[in-house]
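Written out below as C-alpha cells is the structure these notes cover.
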Amino acid sequence: MEFTHETLVAFSKTFGLFYLIALSIGVLIYAYRPKNKERFERAATSIFGNEDRPCR
Amino acid sequence: MGHLTQGERELALLTGALLLALGMLMMVMAWGDPLSVHGAMFGFSGAAVMAVTLRGMFAPAPDENRFASYYDAPSKAGIVIAMIWGVFAMFIGDWVAWLLVFPEMTFDAGWASFGRLRPVHTTGVIFGFGGNALIATSFHVVQRTCRTRLPDQFSPWFVLLGYNLFCLIAVSGYMLGVTQSKEYAEPEWYADIWLVIVWVAYFLLYMRTLARRNEPHIYVANWYFLAFILVVAILHIVNGLAVPVSAFSAKSYSAFSGVQDAMTQWWYGHNAVAFFLTAGFLGMMYYYLPMQAGRPIYSYRTSIVSFWGITFFYMWAGSHHLHYTALPFWVQTLGMSFSIMLLIPSWASAANALLTLNGAWDKVRTDATLRFMALAAIFYGLSTFEGSFMAIRPVNALSHYTDWTVGHVHAGALGWVALIVFGAFYAATPKLWKCERMYSPGLIEVHFWLALSGTLIYVFAMWNSGIIQGLMWRTYNDGGTLAYSFMDSVNAMYPYYIARAFGGLLFLLGAVVGLYNIVMTIRTAADTLSEAEDRPLGPILEPAE
Chain A
2 MEFTHETLVA FSKTFGLFYL IALSIGVLIY AYRPKNKERF ERAATSIFGN EDRPCR
Chain B
856 MGHLTQGERE LALLTGALLL ALGMLMMVMA WGDPLSVHGA MFGFSGAAVM AVTLRGMFAP
916 APDENRFASY YDAPSKAGIV IAMIWGVFAM FIGDWVAWLL VFPEMTFDAG WASFGRLRPV
976 HTTGVIFGFG GNALIATSFH VVQRTCRTRL PDQFSPWFVL LGYNLFCLIA VSGYMLGVTQ
1036 SKEYAEPEWY ADIWLVIVWV AYFLLYMRTL ARRNEPHIYV ANWYFLAFIL VVAILHIVNG
1096 LAVPVSAFSA KSYSAFSGVQ DAMTQWWYGH NAVAFFLTAG FLGMMYYYLP MQAGRPIYSY
1156 RTSIVSFWGI TFFYMWAGSH HLHYTALPFW VQTLGMSFSI MLLIPSWASA ANALLTLNGA
1216 WDKVRTDATL RFMALAAIFY GLSTFEGSFM AIRPVNALSH YTDWTVGHVH AGALGWVALI
1276 VFGAFYAATP KLWKCERMYS PGLIEVHFWL ALSGTLIYVF AMWNSGIIQG LMWRTYNDGG
1336 TLAYSFMDSV NAMYPYYIAR AFGGLLFLLG AVVGLYNIVM TIRTAADTLS EAEDRPLGPI
1396 LEPAE
C-alpha cells in the first residue's frame, strides 16, 4: 500500500476518532464507578496526615 | 556535601570532571565560534562542581537514618533560585516593554535589541522561574504525597543545577546571537542535548521516588507532575531534532522544513503551554490549594477526568497557531475543534479548585497565600476560556499577530502560573524552613495587590491595543484599499504600551517584595526545631522486619 497524505487523513479520521471516544468512556467509567468511590475519597484526604511525620 | 554518601560524592566528582573535559574541548575546538563561550561555561561549571565536591570529600558521612526524613535541601535551593530568575526575567520583560515605548533605548548594541532580549525574558520566566518552581515543588510534593524520601542525594542536585546550567547557556546564547529561531525552543542543539540528559535524570528520579512510595494510591498532583516531565521530554526531543553545521559550531539546521517545520514547532509550542505551563502547575495547585484551605479537593473523580482530558486533548490543539497558513485546512480545523473541547477539562479543573474553597472563603479573605491560589484558579478559568475562543478561526483572523495574543499569554502567565507559584512558595517556605509563618504576612498582602493590579493593567492594555490593531489592519476605505498604514497602527499603540510597561512594573515590584519576604523568612527561621519531627514513613519505623 502506498503511504500518502490521504492514508494519514483516513487513519486519523477513523482510528483517531474511535480511540479517543473509547478512552473517554474508559476514563469516565474508571472515575465514576461506584466501587471506586471510597478509594478516591481516601486518596483526596490522604495528603492531610501530619506532613512532617509519618502517618497513615 | 554532608548530605551525599561517599559513592555520590565520587559520582559528583566524576560528573564535574566530565563536564570540565567536555567544556574545555568545546572551548578549544570551537575557538572563535560562540560555542567556545558556552564550552567555557560548561567547563567552569564542571570545575566548580569538582571544587565543591573535593572540599567536602572527607566530610562526615550522612546520617544512617536519613531515609527516615525528607530530603528538602534541593527544594529549598530551587525556591530561592526560582525567585531570583523571576525577578531577573520580569525585569528584562519590563525592560523590553519600555523598549517598545522608547525604541531607541538599545545603546546601539546587538545584545540590547528587542529581538535578543525578548527570548531572554521568555526563557527566563518560563524556564528559569517556572521550571525551577516546578522542580522545587515537585520534589516537595512527591515526597509528602508518597510519604517517602527521594531515593538518593545526588540526582536531585544534578537535575536542579544541570537545569539551571541549561537556562544560563540559553539566556547567554541569545545575547550572543545564538538561536535556532524556534519560539520557546530557541537554544541550539548542544544546549538541547544537555537538557535531554538532565530531563531524563529528572524523569528517572521521579519514577524511582514513586516506586518507593508508602501510600498505595498515587495522588493526582503526581500524575500532573509526571505528565509534565514525560511530555516535555517528548516535545523537546522531537522539536529539537537538528543537524549541526559541524561538531564545533553553534549553528544547526532543523530536521524539518516548510509547513512541517511550522507544524512541529507549534505542536511543541502549544504543548509547552499545556504541559509546562499548565499540567505541572495544576499539580502544584492540587496539592497546595487543598493543604492551605484545609479541605480535600472538591471532587477527586473530576480531577482524574480532567487529567486525561487535558493530556489527550492538548496534543492536537497546536495547529490553531497556524490558521490561514499553508497548513492543510482540515489540520487547522482539527486544532480549532480540540481547542474548544479543551474548555471542558480546563473549566472542570478551575471549578474543582474554586469549589474546594467553598466553606473556606473566610480564609481566602484573611489569608493572602490562599488568595493567591484562588485568584490563580480564576485566571486559569478566564485564560483557558479566552484561549479556546481565540482558537476559533474567524476570531483568530482578528486576534492573530496582534497584542491580544500577548495579553492572553500574560493573563495565563501572570494570572495563573505566577500567582499559583507565589501561593505555593508562601505555603511551602515556612514548612520547609520549619517556622510558623512567613516573615511578614503584610508583605504577602502587598505582593498580592501589586500582582493583581499589575496583571489587570497589563491585560486590559493589551486587550485594547490588540483589538484596535486587529481592526486597523482590516479596515478598508471606499476605494477598497486599507484605510491605515502599518505605522498608523504602531502609533496608535503608544498609550497602551506605556500602560502595559507600568502594569509589568507593578508585577515586578511584587516579585521583588516576594523575594525579600522569602529571604527574610529564611534568615529569621528559627534553628531550634528538631530534625526528629520531620520524617517520612521509612523502614526504620518497622522494627518487625
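Protein chains in written order, with our numbering: chain A, 2 to 57; chain B, 856 to 1400. We put the CB at the ideal spot given by N, CA and C, even for glycine. Computed from a predicted model, the values in this text were never measured in an experiment.
Query	Result
Validate contact between the segment 1092-1099 of chain B and the segment 939-956 of chain B using beta carbons, cut 8 Å, 3 pairs	no
Proximity to alanine 1354/B [Cα-Cα], best of Ile1024/B, Ala1252/B, Phe1130/B and Val956/B	Val956/B
Cβ contact (3+ pairs, closer than 8 Å) linking the segment 1317-1337 of chain B and the segment 1345-1354 of chain B	yes
For tyrosine 1108/B: DSSP bridge partner residues	Val1098/B
Option in Ile1024/B, Tyr1169/B, Ser1194/B and Asn1077/B with minimal Cα separation from valine 997/B	Asn1077/B
Contact between the segment 975-994 of chain B and the segment 1004-1015 of chain B (3+ Cβ pairs under 8 Å)	yes
DSSP state of tyrosine 1331/B mapped onto helix, strand, coil	strand
CA-to-CA distance, alanine 937/B to arginine 1378/B, given in whole angstroms	18 Å
The segment 1052-1086 of chain B: positions lying closer than 7 Å to chain A by Cβ	Glu1070, His1072 and Tyr1074
8 Å Cβ shell around tryptophan 1202/B - same chain, five flanking residues per side excluded	Gly1236, Thr1239 and Phe1240
Listed by chain order, chain A residues near tyrosine 1179/B by CB distance under 8 Å	Within 8 Å Cβ-Cβ: nothing; tyrosine 1179/B doesn't reach chain A, min ~20 Å.
Residues of its chain near alanine 1097/B, where Cβ-Cβ distance is below 7 Å and the 5 sequence neighbours each way are ignored	Gln1035, Trp1044, Ser1107, Tyr1108, Ser1109 and Ala1110
Within the segment 879-939 of chain B, ranges of the alpha helix (DSSP H) (whole runs, at least 4 residues)	889-910
Chain A within 8 Å of proline 1145/B, Cβ atoms only	yes
C-beta contact flag for leucine 1015/B and isoleucine 1048/B at 8 Å	no
Within-8 Å CB hit, phenylalanine 943/B to chain A	no
Inter-stretch contact (C-beta, 8 Å, three-pair minimum) for the segment 1308-1316 of chain B and the segment 1266-1282 of chain B	yes
Which of helix, strand or coil DSSP assigns to leucine 1269/B	helix
Sequence-distant residues of the same chain with beta carbon closer than 6 Å to histidine 893/B, five excluded per side	Ile1024
Cβ shell of serine 930/B (< 8 Å), same chain only, five flanking positions each side left out	Ala991, Thr992, Phe994, His995, Ala1283 and Leu1287
Within chain B, the residues that phenylalanine 41/A reaches when beta carbons sit closer than 7 Å	Tyr1155 and Arg1156
Contacts around cysteine 56/A, its chain only, beta-carbon distance under 7 Å, and the 5 residues preceding and following it disregarded	Note on cysteine 56/A: pLDDT 38, under 50, position unreliable in the model; the coordinate value appears next. These residues qualify, in order along the chain: Gly50.
Neighbour flag for leucine 18/A against chain B, beta carbons, 8 Å	no
Glycine 1070/B classed as buried or exposed, judged by whether at least 16 other C-beta atoms fall within 10 angstroms	According to the sequence provided, residue 1070/B is glutamate. The question's glycine does not apply to it. Result: buried.
Delimiting residues of the alpha helix (DSSP H) encompassing cysteine 1022/B	1010-1031
Exposed unless 16 or more other CB atoms sit within 10 angstroms - verdict on arginine 1329/B	exposed
Member of Arg1004/B, Phe962/B and Leu1363/B whose CA lies at the smallest distance from the CA of alanine 928/B	Arg1004/B
Within chain B, the residues that alanine 1/A reaches when beta carbons sit closer than 8 Å	The structure shown has nothing for residue 1/A, since chain A only spans 2 to 57.
Secondary structure of leucine 1337/B, DSSP reduced to three states	strand
CB-CB length for serine 1243/B against serine 1204/B, believed under 8 Å	Not really, about 14 Å apart at Cβ, beyond 8 Å.
Own chain, CB closer than 7 Å to isoleucine 1299/B, minus 5 neighbours either side, in chain order	Ala1223, Thr1224, Tyr1281, Met1293 and Asn1372
Residues near leucine 1020/B by beta carbon distance below 6 Å, same chain, minus five either side	Ser900
Extent of the continuous alpha helix (DSSP H) to which isoleucine 30/A belongs	6-33
8 Å Cβ cutoff, isoleucine 934/B in contact with chain A	no
Inter-residue CB distance, arginine 1150/B and alanine 1208/B (contact presumed, cutoff 8 Å)	Rounded, the Cβ-Cβ distance is 11 Å, inconsistent with contact.
Isoleucine 981/B and leucine 1132/B closer than 8 Å at C-beta	yes
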